[in-house]
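Chains as they are written, first to last, in this note's numbering: chain W, 1181 to 1464; chain Y, 32 to 323; chain R, 9 to 351.
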Amino acid sequence: MDMNKSGRLVPYPSGAFIPERDLGNMPVLEARHLGIDFGGLTAVDDFSLTIGRTEIAGLIGPNGAGKTTVFNLLTNVYQPTRGNILVNGYSTAGKSTHQVSKMGIARTFQNIRLYSNLSVLDNVKVGLHNTLKESFFAAVTHGFGYGKAERVADSVALELLDFFSLADLAETTAGSLPYGAQRRLEIVRALATSPSILLLDEPAAGMNPSETAELMENIRRIRDNFHIAVLLIEHDMNLVMGICEGICVLNYGKIITKGTPDEIRSNPTVIEAYLGRKGASETC
Amino acid sequence: MIYLVRTLISGLSLGSIYALMALGYTMVYGVAKMLNFAHGDIIMVGAYSIIVAVSQAHLPPLAAVLISVAVCACLGVTVEFLAYRPLRQAPPLNVLITAIGVSYFLQNAALLVFGSEQKAFPSIVSFPSLSVGGVEIDGITLATLAVTAVIMASLTLFISKTRIGKAMRAVSEDKGAAELMGISVNRTITLTFAVGSALAAVASIFFGAAYVYVRPTTGAMPGIKAFTAAVFGGIGSIPGAMLGGIMLGIIEQFSKTYISTLWSDAIVFGVLVLILVVRPTGLLGRKLNEKV
Amino acid sequence: MKANLKNRLCSKNAVTLYFITALYLVVSILVYGGWASRHLSSMLISISCYIAMAVSLNLVVGMLGELSLGHAGFMSVGLFAGCLFSIYTVGTLPLIVRLPGAMLLGGSAAALAGLVVGLPALRLKGDYLAIVTLGCGEIIKNVITNLNITGGALGLNTSTIYSGTKTLLPYAIALVFITVLVMMNLKKSKHGRAIMAIRDNRIAAESNGVDVTYYKLVVFVLSAFFAGAAGAIYGHSFANVKAATFDYNMSIEVLVIVVLGGMGSINGAVIAAIALKALPELLRDISDYRMLVYSVLLILIMLLNSSPRFADMKGRWSIGAMYKMLRYGRKAAVETEVSHGHE
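1) Grab the span of the beta strand (DSSP E) containing W/G1433 for me, first residue to last.
2) Would you please verify whether the beta carbon of R/S314 is less than 7 angstroms from any beta carbon of chain A?
3) Hey, out of Y/G265, Y/F300 and Y/S268, whose CA is closest to Y/G280's CA?
4) Around the Cβ of R/C91, are there at least 16 other Cβ atoms within 10 angstroms (buried) or fewer (exposed)?
5) Since Y/I40 and Y/T223 should fall inside the 8 angstroms C-beta cutoff, what is the C-beta to C-beta distance between them, to a whole number of angstroms?
6) Let me make sure I understand the geometry here. Which of W/K1305, W/V1332 and W/R1363 has the alpha-carbon closest to that of R/N216?
7) Apply the 10 Å Cβ neighbour rule to R/K285 and answer buried if 16 or more other Cβ atoms are within range, or exposed otherwise.
8) The alpha helix (DSSP H) spanning Y/D72 covers which residue range?
9) Measure the C-alpha to C-alpha separation of Y/G276 and R/G81 and round it to an integer number of angstroms.
10) Per DSSP, what kind of secondary structure is R/F93 in: helix, strand or coil?
11) Check Y/G132 in the structure and name its three-state DSSP category.
12) What residues match up with W/I1265 in a beta bridge as DSSP calls it?
13) Report yes if the C-beta distance between Y/T57 and Y/A261 is below 7 angstroms; otherwise report no.
14) Report yes or no: do the stretch 206–218 of chain Y and the stretch 232–251 of chain Y share at least 3 C-beta pairs separated by less than 8 angstroms?
15) Name the chain R residues that come within less than 8 angstroms of Y/F136, Cβ to Cβ?
16) Within the 7 angstroms Cβ cut-off, does Y/T223 reach chain R?
17) Distance check for Y/L143 and R/Y297, CA to CA, integer angstroms please.
18) Could you pull out every residue in the same chain whose Cβ sits closer than 7 angstroms to the Cβ of W/T1248, ignoring the five residues on either side in sequence?
19) Taking only heavy atoms of the ligand PLP into account, decide whether any of them is closer than 6 angstroms to the Cβ of R/Y223.
20) Any chance you could list the alpha helix (DSSP H) runs of at least 4 consecutive residues sitting entirely within the stretch 92–119 of chain Y, in chain order?
21) R/G145 by DSSP, collapsed to three states: which one?
22) Could you name the residues of the same chain whose beta carbon sits closer than 6 angstroms to that of Y/S134, not counting the 5 residues immediately before and after it, in chain order?
23) Give me, in chain order, the residues of the same chain whose beta-carbon lies closer than 6 angstroms to that of R/S171; leave out the 5 immediate sequence neighbours on both sides.
24) Do the stretch 201–221 of chain R and the stretch 93–111 of chain R make contact, defined as three or more Cβ pairs closer than 8 angstroms?
25) Just curious, the beta strand (DSSP E) that W/R1287 is in, first and last residue?
26) Measuring straight from C-alpha to C-alpha, what distance separates R/A237 and R/V63?
27) Examine chain Y for any beta-carbon lying closer than 7 angstroms to the beta-carbon of R/R131, and answer yes or no.
28) By the 8 angstroms beta-carbon criterion, what residues does the stretch 1299–1324 of chain W contribute toward chain Y?
29) In three-state terms, what does DSSP make of R/L77?
30) By DSSP's criteria, W/A1409 is part of a beta bridge. Which residues make up the other side?
31) Taking the continuous beta strand (DSSP E) assigned at W/F1227, which residues delimit it?
32) Pairs of beta-carbons, one from the stretch 272–287 of chain R and one from the stretch 113–126 of chain Y, closer than 8 angstroms: are there three or more?
33) Between the Cα of Y/A234 and the Cα atoms of Y/L66, Y/T38, Y/M278 and Y/L45, which residue gives the shortest distance?
34) Report yes or no: is there a C-beta of chain Y within less than 7 angstroms of the C-beta of W/V1224?
35) I want to verify the contact list: residues of chain Y whose CB lies under 9 angstroms from the CB of R/C18, in sequence order.
36) Counting along the chain, where does the beta strand (DSSP E) carrying W/I1240 start and finish?
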């Protein structure tokens, strides 16, 4: 148990399942009773989740369950109507998306959002935006610290790209990359923001089994090398069951259940959510 | 009080012309998703057609109007075919520049053909004026308002009830999907331009009747005002175009009368900016929800 | 260090600067040697100002990706602010202080206008933003025309500060150089990348920590500054200036230059500015048909620009490609061109 910034004890486990190695550390992300309404429609309700410092967690649920909406809530793309979010103990209330990014959350998108006219290297360098010390004056004069900042940017970016075997493509225009490389680039760019937690939105979409296996490996490498947590939305059950330590299941904007992969796999409510009541009765 | 009403009437009159022009603009934008910058100049062509038909060919007014509509529709279709269709995949800014090129072309062609001195628009029909509670509303205003309302109603019915109207709505939402459903996107867009340009011709009748003098550059500023009115009301929305046009006319007239003619342009645009800041998609525009 | 310097001296940006230097060298020799025709002389300041306008608009349209139709308004603000300053100090300050002072003041006044215009623009996108910038340009025109201090509808009498090309040329050259240099440097910096990121994918940029609001304002303010400075010089080349000249037609003229030069490309903006301002002069002989031909050419160029086959061809024959060919040899040039996409 640990104290967060305001001195209160973080009340977990609360249906949260922090891996043993993270016990005793402040959770990196804590969502409490998040909710949002769009007009008359309640898209997400009473969403609470705690993620351990180096946990790999999964968020699953049928299509339209509200998973990406949750991501948007966590990054303040949508301001939550109810509830609050703590990142490393600090509240994100009222902050804009770019401020939340500075607090330590990075994300990728369901439909890849790359800077298609910029080179691969430049894409990653944009991720480094907040870590580079380059004033406007320096940028315009190419002096006063410009050279140093750009050298640092180049080396860090190339190192990150190398981690994912994208270094050779550094000068290619991002828009012309093959699909798999684009997905990897988006992850590299997110990592460049030095996050404490990485949110991946359907990272395995459109991948074949061998690519998925490679992705699983990469996610583990990210966690092991950068010591950050990963929360991913996925439909590919092999991936989810394979690497997630904790899984949260969403349906119609509400959490159905949380647990370890084994618990989720055999949970009848989950099966029903995906296959419908008839399907559930057939499998059971 | 009477002064207020009179200003209101003048505003309505001005506004109805803007509304008529804005309708054509918004139709084309709504379906083809492009700003036909040359719309104002098509109005100018329509006005000149009537001038030629009546003053030189001595044709009866109705025939002149029909000819003008035909000329404009053909012009619109031709311009679409030659200058806009090849650019359908191009970024919207390129299309805008091409439209600007077309606009300049029409202006200069008219300059060569008709010269730069102004020509008088013939009075083709006289509309009876109406007296309401001591205020006289001139016939042209009534006619413009009536025609604009009728056109707006028919357009709305056309778009919502007919098959072609449905095709237009489909193309406006998603060209690719519409094509896959068997809708000929080319033909739909061509038809849209034809209708939009025909509307421009109708607008030119009332514009000419109200302003009398026509020059090759006459279409430019009204084109900008029509664009403004269409965006003001929410671009792509037909009732929006009407509302935007009328409001623009009223605001312009009121600022001319009560503040100063000198400042009226600044005030009109100032109000526009204010309203757009408060309602970023125009008065009746649809909120575009970006999927994240 | 040495390799770094060599890289920078031979880079694409440097080539642009050499090109501009060479051009101005030739022009200066013509002007100061007395061989320049009256015609050419009078065009030079105007073209230089348009280059600065185009390069500064390119920041908004090409790099930020927003459509601004009111750029002439900023030029106008800068012109009147700068020229008024100049008129009031013509006796007291020497030229070498007065002109740069006018440019700085004009630029700053325009920058302020840019801030005011940028604020409502923050909430808007696409066509709605375009209309607001158009409206602001018209508002500026209207307001300036109505002020007494700027001479009202008859315009401002600048005969006291009117200066010929020989006097203004060095300042115009300085303006162009500084504008181009600032924009080029910005493009290759962290802030330039942030701005282009906003253009390419605003939502992703926000999630990467880019403060979109801040950058939108910065872009408007900076581009307005250079437009204003250009305006200040422009005003000195006339005996009388009216606000009405700086209307949406001029804004559109500059926009056409930027689009034709290729969005985001600074070299392109420079070349297009020169071409598009010189072209009507060259066509002067067919004067009646001049604008007609110009508009047809414009349409044809836009059609060509957008056809994919032409884009291929353009890539192979662009200045960048030719430069690569000279440096790396033909084969390498083709390879890098294929993988590089466009600048």
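The C-beta atom is built at its ideal place from N, Cα and C for all residues, glycine as well. Predicted model only: the values in this text are computed from it and were never measured.
The short version:
1) Secondary structure note for W/G1433: it is in no beta strand (DSSP E), with a DSSP letter that is neither H nor E.
2) Reference to chain A is not applicable here, since the protein chains of this structure are W, Y and R.
3) Considering only Y/G265, Y/F300 and Y/S268, the residue with the shortest C-alpha distance to Y/G280 is Y/F300.
4) By the C-beta density criterion, R/C91 is buried, having at least 16 other C-beta atoms within 10 angstroms.
5) Rounded, the Cβ-Cβ distance is 33 angstroms, inconsistent with contact.
6) The closest CA to that of R/N216, considering only W/K1305, W/V1332 and W/R1363, is found on W/K1305.
7) Classification of R/K285: buried, given that the 10 Å Cβ count is 16 or more.
8) Boundaries of the alpha helix (DSSP H) around Y/D72: H70 to I82.
9) Each residue's CA atom was taken as its position, placing Y/G276 and R/G81 some 25 angstroms apart.
10) R/F93: helix per DSSP, three-state reduction.
11) In this structure, Y/G132 counts as helix in the three-state DSSP scheme.
12) As DSSP reads the structure, W/I1265 sits in a beta bridge with W/A1211.
13) Yes, these two residues count as a Cβ contact at 7 angstroms.
14) Cβ pair count under 8 angstroms is below three, so no.
15) What Y/F136 touches in chain R: L300, S303, V304 and I307.
16) So, not an interface residue.
17) C-alpha of R/Y297 to C-alpha of Y/L143: approximately 8 angstroms in a straight line.
18) Within the same chain, Cβ atoms closer than 7 angstroms to the Cβ of W/T1248 are found at Q1290, D1381 and I1413, the five residues on either side in sequence being excluded.
19) Ligands are entirely absent from the displayed structure, and the ligand PLP is therefore not among its contents.
20) The qualifying runs are 92–110.
21) Shown here, R/G145 sits in a helix according to DSSP, grouped into three states.
22) Same-chain partners within the cutoff: F68, A69 and D72.
23) Within the same chain, Cβ atoms closer than 6 angstroms to the Cβ of R/S171 are found at H244, the five residues on either side in sequence being excluded.
24) Output reads no: the stretch 93–111 of chain R does not touch the stretch 201–221 of chain R.
25) Run containing W/R1287: I1285 to R1287, per the beta strand (DSSP E) assignment.
26) Those two C-alpha atoms are separated by around 13 angstroms.
27) For R/R131, the answer is yes, since a Cβ of chain Y falls inside 7 angstroms of its Cβ.
28) For the stretch 1299–1324 of chain W, the set of positions with a beta-carbon nearer than 8 angstroms to some beta-carbon of chain Y is empty.
29) The three-state reading of DSSP puts R/L77 in coil, since its state is none of H, G, I, E or B.
30) Answer is W/I1377, bridged to W/A1409.
31) Here the beta strand (DSSP E) through W/F1227 covers L1221 to I1231.
32) By the Cβ test, the stretch 272–287 of chain R is not in contact with the stretch 113–126 of chain Y, since fewer than three Cβ pairs between them sit closer than 8 angstroms.
33) Answer by Cα proximity: Y/L45.
34) At a cut-off of 7 angstroms between C-beta atoms, W/V1224 does not count as an interface residue with respect to chain Y.
35) Going along chain Y, no residue has its Cβ under 9 angstroms from R/C18, so there is no contact; the nearest lies around 32 angstroms.
36) From DSSP, the beta strand (DSSP E) with W/I1240 extends over I1236 to I1240.
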